Every structure is written in C-alpha cells, then in structure tokens.
Amino acid sequence: IQLQYVNGFDGTKPNQYTAAPFATGKTDTVVAYIRVNMKGYELFDPAKHKVGIRGSFATSNWGTTIIMKAEKPFANGGQGNYSDPDKFYSVPIYWKKSFLDTASVGAKNMTFKFVIHNINAPVTEDWSLMVDNQDINQYGFTMPSKDTTVYWKWYGGSFSPPVGKDTVTVKFRVDLSTATAAKGFKAGDTVIVKSGLDITAGAVYIDTLKKVGVTGAIYESANRVIAGVAAGKALNYQYYSLYNLTEIREIFYDFDYTGTDNKAERRKFLVPTKNTTYTIADTSVFVDNMRRRPTFQSKAKLARNVNVTFTCDLRPAYYHVSIGDSIFAIQSSYKTLTIADKDSIYKFGVWINGPAVGGWGNTNGDWGNGLRENLAKKMWDDGTHGDKVSGDRIYSLSVKFYKDSANNTAGQVFKFGLGAGDNEAGKGGFGNNHVRNIDDADTIATIAEDFGSINPKYYRAWDYTKHTTGVDRIENVIPVVYELSQNYPNPFNPTTTINYAIPTAGLVSLKIYNILGQEVAQLVNAVQVAGAYQATFNASTLSSGVYFYKIESGKFSSIKKMMLLK
Numbered sequence: 002i003q004l005q006y007v008n009g010f011d012g013t014k015p016n017q018y019t020a021a022p023f024a025t026g027k028t029d030t031v032v033a034y035i036r037v038n039m040k041g042y043e044l045f046d047p048a049k050h051k052v053g054i055r056g057s058f059a060t061s062n063w064g065t066t067i068i069m070k071a072e073k074p075f076a077n078g079g080q081g082n083y084s085d086p087d088k089f090y091s092v093p094i095y096w097k098k099s100f101l102d103t104a105s106v107g108a109k110n111m112t113f114k115f116v117i118h119n120i121n122a123p124v125t126e127d128w129s130l131m132v133d134n135q136d137i138n139q140y141g142f143t144m145p146s147k148d149t150t151v152y153w154k155w156y157g158g159s160f161s162p163p164v165g166k167d168t169v170t171v172k173f174r175v176d177l178s179t180a181t182a183a184k185g186f187k188a189g190d191t192v193i194v195k196s197g198l199d200i201t202a203g204a205v206y207i208d209t210l211k212k213v214g215v216t217g218a219i220y221e222s223a224n225r226v227i228a229g230v231a232a233g234k235a236l237n238y239q240y241y242s243l244y245n246l247t248e249i250r251e252i253f254y255d256f257d258y259t260g261t262d263n264k265a266e267r268r269k270f271l272v273p274t275k276n277t278t279y280t281i282a283d284t285s286v287f288v289d290n291m292r293r294r295p296t297f298q299s300k301a302k303l304a305r306n307v308n309v310t311f312t313c314d315l316r317p318a319y320y321h322v323s324i325g326d327s328i329f330a331i332q333s334s335y336k337t338l339t340i341a342d343k344d345s346i347y348k349f350g351v352w353i354n355g356p357a358v359g360g361w362g363n364t365n366g367d368w369g370n371g372l373r374e375n376l377a378k379k380m381w382d383d384g385t386h387g388d389k390v391s392g393d394r395i396y397s398l399s400v401k402f403y404k405d406s407a408n409n410t411a412g413q414v415f416k417f418g419l420g421a422g423d424n425e426a427g428k429g430g431f432g433n434n435h436v437r438n439i440d441d442a443d444t445i446a447t448i449a450e451d452f453g454s455i456n457p458k459y460y461r462a463w464d465y466t467k468h469t470t471g472v473d474r475i476e477n478v479i480p481v482v483y484e485l486s487q488n489y490p491n492p493f494n495p496t497t498t499i500n501y502a503i504p505t506a507g508l509v510s511l512k513i514y515n516i517l518g519q520e521v522a523q524l525v526n527a528v529q530v531a532g533a534y535q536a537t538f539n540a541s542t543l544s545s546g547v548y549f550y551k552i553e554s555g556k557f558s559s560i561k562k563m564m565l566l567k
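Just so we're aligned, residue 2 is where the sequence shown starts under our numbering, counting upward by one.
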C-alpha cells in the first residue's frame, strides 16, 4: 500500500499520498522501516535519552539495541496533537533476499520491543539498567519479500491525554533503611519522587525528599498539590535515587497487578478522592506490601575484586507444590516444563541465569535444555562451588567479579530456574528478576535469596518476611530432651542455620530479637510433632550486630546469642 506520512508534504509534490515507502534502492536487499511515536512516554528527554529496538532480527539479537534516529521536522511546518514531528523515531532493518528466499515461514516472523537508554549507555546495556523497556508491549510482523514501512507504534503501546479534572495534595514519606542496608543508598545521596506518571495527572511532578531528623532513615517531601487527577482512579508515582545525575528507578513490582501495561505493573499508586490531603508512607517491612520500603540497584563500580557466593533456598518451591499448586515455565518454548510433584523439586535442581553470571543467553539458548547443559550456571548442594552444607536444600554457586572487567557494577540482576526453566516468577513476568547489590567492603561476599521471592504472593505458602515455614525436620528419631543448638555459621552473613529438638509434640515458637529486645523475625510459630528440626534465618535486611534467638515449647525456653557481620 502507499504510505502517508502525517503532514509529510515536502513542497515539491502535489499529494502527500504519492510518497513511496522507505526503500533500499538495491535488488538483493529488503528493508523494513520501523517507527515509534514517543509522545506516549512523558519522561523521554532527547537530551538525556536515546531510543532503540531489540528483537529477533537476523541482523541483531535481544541483547543488543539498534538505535533509532529522530525524524526531521515536517517540511510544511505542520503539527498536530498526536503527530509532533520531534516525537517520531525511525530505523531501517535490512535482510538479504537470499535469507528470505530460503528461510522457513517461522524464520520470517520477527518480534521486537522498544527500549530507552541513558544517552551515553552502551547498546549492550543490561535490561535492568535501562531507563525503560516495554516488557509486555512486544510487536511482531512477518518479513515481506519487498521493501516496506511498518505501521508506527506508540511507545508504551498507547497514548491518551490526561482527562482528570480533580486536585489532591500529597506528602510522600519513605524509610530508606532497607535500601541503605542493601548498599543501594547511602547518607548524602539524593532521592526524588515522581507523581502523575503514565498520564495519571495533568503533569509529571518531581519532588526531592529530605531526611527527617538527625538519626534514622526517614525521608519525606513537602506537600505537593497535584492537579489533573481523576478521583477514584490510580495516581501513579515512583521513587528514584540519583547516581552521577542518572536516575535509578526503585526496584518495585506490583504483585497484585492483573493488567497488561508493563509500566503500571512497576508503579506504586494512590487512588485519591478529590480535594483530599494524603500522606503516603512507604515504610512497610513486608516484602509483598504495596507500601514496602524502596530499594535501588547500585550503579557504582566495584572497589575491588569480589568472590560472590549466590545461594538459593529451594524450600519455597517445595512448600508451594505441597499445597497443591504447580510451577510453570513462562517462556513459550519451555512451557512443557511443569512441576507439580514436590518430590521432584530437589531432583530437578536449580540454575541461575542473567547478567550476574554472563548474560541471559548462551550458545544453546536462554532457558531449557540449552541452559541445563551449561554447568557454569548450575547451582550445587553438595558442599562444592561455594556451598557450605551438603544436602541442606540451599543451593550455591561462587562467581568471581573483577573491578576492571566489563561486568564490574555492584548492582547485579539474575533469576533462578528449576530444571533450568524460566519458572521462578510464577505464571508471568519476563522482567521480574532479582536485583541485588554486591557488598564490596571485603573480597568475599554472599547474596542469599529464596526461590520465588520476586513474586512472594504467588509462592504464598512461604513467608518471605519472617520465614515462618522455613523449617525442615531433619531426623526421624524422637529426641529425649529439649535442645536449642548454637547457630552455624556464627558469625554469619547473611544466612545461618539453627537446629533444635523437641521430645513432645506441641506449639513451638522460635523468634529473633535485636539487642534492644525488639522482635525482628519469627522463624517458627506452629504445632510440630516430636523430632529434630533445622531452621534457616536470612538477615539480609538487617544491620550488623548482636542478635538473640529464643525457643519456647511447653515449659521449655532457651535463648542464645549470635553475631551478624556484613
């Protein structure tokens, strides 16, 4: 079909419909010209950002961005609500006709998505380091046998001007102690909040948060009057830290989101009533709470070479299947890998994938059989490869990070997969990954994770905040006395194991307290049969110091001390 560019009359032709599609002018090459309209993404700044595409092109792959160029202003100076010339970006993608003549129909089916980088970022930048990418808004077309221009897309999938006419006043308050403990924020750093995102207000409002008091980690903004909101509908907002003037979006995923907008699933929101004043307190310690404390990926370079041991506790998967649920692989090529038998969890084993261990792909594929054959990404529970205790169902892999290498950023991205399948995030969520920061204060560090913690509501049989179900019976014999063993290792960072024994069935309580006597975690609060048990405590969200653990069962009570050193 003939192509009409919006207001594209160049002053020399009488009819803008006469313009031909973008063409190569070559007989052995075919081109697809791809265009995007950036008006749908209000935070895009050409002075700070660059836009491109990644996809399954014969000339590229999903790990490299093909940068798009801004189109020239319309020759006649025309402009409309949706056709601002400075909002369109384009790029030609070329194929040899010989490829199209010999390729199967399936090979001609191309898929791609749009991405945004900081202006100086490399085109091979990891997904998590990008300013934004469209995880769900993926497009596809079958490559034709002649030159064509693909109908342009909105960045973000769609665009609608704000329709709200209401006004609210909001103060934002956050607790940054978790972000500080996780090495993603430090005193003196700047944190901002953007409200009205995704055209949920008449404009995007940006406020800098200031520390409240001398001690502690509470930050808050001044009261912000937000106009153009729609009462009863979501007002989206997000926290960002600043590193070398680069904005780093908080690590957040809305586990209750059921829509298809990849931006909305990563936004915090308020559903306001007009003319109301709110104080939003994002201070919760619970990892599945919408108002949980923000954390940030560190973009700082490593200060030294660090040997990092990644650990993955598989018990959440075991408990998930134990209550009758299944674990599904989410990528279409591996959806046949479904785990519904709890006894198969440990037989399948676990692999780690992602930029932290060399990238998502390998010579044989991202997930499934190809990854299963990659022993460099396989995790172990046999006392080797950094694993401390054989058979404790906590799998490990040691990875060396070099401060002078390409992968020398403290913030790392990864995901686990049972049987090497992409199955950790539940039934969906390609972009839902672990994002953790390496503690480079020493040459040895540990990043301890629970399987499924990137979607804790899906793996609901496991309490990721307090580990209330993270206990296994380790002996079949019945003890003759109550006993609470010293934790090991001790000192520890950040996980440790606590063994105890009860000779009589009954209610068991095992709690962790800080030096002030405040409860910080509850490992057990359940009726248990007589036996010997093993509990794992993950203190990744706590600060270094002395802690106490106390067991109570029947008339038995015992307290022991342990030391967390980070």
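Glycine is no exception: its CB is placed at the ideal position from the N, C-alpha and C atoms.
None of the values given here were measured: they were computed from a predicted structure.
Let me confirm a value: residue i is counted as buried when at least 16 other C-beta atoms fall within 10 Å, else exposed. Which label applies?
| i | result |
| --- | --- |
| K184 | buried |
| R474 | exposed |
| Q5 | Here Q5 scores only 47 on pLDDT, less than 50, and its place in the model should not be relied on; the value that follows carries that caveat. Exposed, by the Cβ-count rule. |
| K556 | exposed |
| S159 | exposed |
| P495 | buried |
| L566 | exposed |
| R55 | buried |
| L586 | Since the first residue of the chain shown is 2 and the last is 567, residue 586 is not available in this structure. |
| T66 | buried |
| Q487 | exposed |
| I445 | exposed |
| N38 | buried |
| S397 | buried |
| N354 | buried |
| N263 | buried |
| V482 | exposed |
| G189 | exposed |
| K428 | exposed |
State yes or no: is the C-beta of residue i within less than 8 angstroms of the C-beta of residue j?
| i | j | result |
| --- | --- | --- |
| K561 | L485 | yes |
| L243 | T191 | yes |
| L524 | F538 | yes |
| S323 | A341 | no |
| Q239 | E251 | yes |
| T274 | A232 | yes |
| G41 | Y156 | yes |
| V400 | V436 | no |
| I249 | F297 | yes |
| L372 | A421 | yes |
| K109 | V31 | no |
| D382 | I395 | yes |
I'd like the list of long-range same chain contacts for residue i, defined as Cβ closer than 8 angstroms, with 5 residues on each side in sequence excluded.
| i | result |
| --- | --- |
| K234 | G165, T201, V272 |
| T284 | R174, V175, D176, I219, R292, R294 |
| T469 | The predicted position of T469 is uncertain, since its pLDDT is 44 and thus under 50; a value taken from the coordinates is nonetheless stated next. Closer than 8 angstroms at Cβ, skipping near neighbours: Q523, L524, V525, N526, A527. |
| K458 | F256, D257, D289 |
Please look up how many angstroms separate the CB atoms of residue i and residue j, rounded, as I've assumed it's under 8 angstroms.
| i | j | result |
| --- | --- | --- |
| C313 | F142 | Between F142 and C313 the Cβ distance is about 39 angstroms, and since that is not below 8 angstroms, they are no contact. |
| T168 | V116 | T168 to V116, Cβ: 35 angstroms. No contact. |
| I499 | A522 | Contact flag wrong, Cβ pair sits at about 11 angstroms. |
| F58 | M131 | That belief does not hold up - the Cβ atoms of F58 and M131 are roughly 18 angstroms apart, past 8 angstroms. |
| W128 | N121 | Rounded, the Cβ-Cβ distance is 18 angstroms, inconsistent with contact. |
| A411 | D441 | 6 angstroms |
| I503 | Y548 | Contact doesn't hold; Cβ gap of about 22 angstroms is too wide. |
| T247 | N138 | Rounded, the Cβ-Cβ distance is 24 angstroms, inconsistent with contact. |
| N424 | F329 | 6 angstroms |
| L303 | I439 | 7 angstroms |
| Y489 | I552 | No, Y489 and I552 are not in contact; Cβ-Cβ is about 16 angstroms, not under 8 angstroms. |
| N515 | M563 | Not quite, the Cβ-Cβ distance comes to about 11 angstroms (not below 8 angstroms), so this is no contact. |
Near residue i, what residues of its chain come up, given a Cβ to Cβ distance below 7 angstroms and the 5 sequence neighbours on each side ignored?
| i | result |
| --- | --- |
| T280 | K172, R174 |
| S541 | A449, P495 |
If I measure Cβ to Cβ from residue i and keep anything under 6 angstroms in the same chain, skipping five residues before and after, which residues do I get?
| i | result |
| --- | --- |
| K269 | Y238 |
| N433 | Y254, A426, I455 |
| Q529 | V509 |
| A506 | V530, A531 |
| V52 | M69, Y90, I117 |
| D208 | V194, S222, R225 |
| T19 | Annotation note: pLDDT 41 at T19 (below 50); position unreliable, no value reported. |
| K343 | Y319, V322, S323 |
_Please give the ranges of any beta strand (DSSP E) in the stretch 131-211, keeping only runs that are unbroken, at least 3 residues long and fully inside the region._
List check, beta strand (DSSP E) in window: 140-143, 167-176, 191-198, 206-209.
*Entirely within the stretch 506-565 and at least 3 residues each: give me those beta strand (DSSP E) ranges in chain order.*
The qualifying runs are 507-515, 520-529, 532-539, 546-554, 557-565.
*What are the uninterrupted segments assigned as beta strand (DSSP E) that are 3 or more residues long and contained completely in the stretch 311-370, given in chain order?*
Qualifying beta strand (DSSP E) stretches, in chain order: 351-354.
*With a floor of 3 residues, list each beta strand (DSSP E) that falls wholly inside the stretch 400-428, ordered by position along the chain.*
Entirely contained in the stretch 400-428, the beta strand (DSSP E) runs reaching 3 residues are, in chain order, 412-419.
*Which whole runs of the alpha helix (DSSP H) in the stretch 87-124 are 4 residues long or more, in chain order?*
Scanning the stretch 87-124 for uninterrupted alpha helix (DSSP H) segments of 4 residues or longer gives 98-103, listed from N- to C-terminal end.
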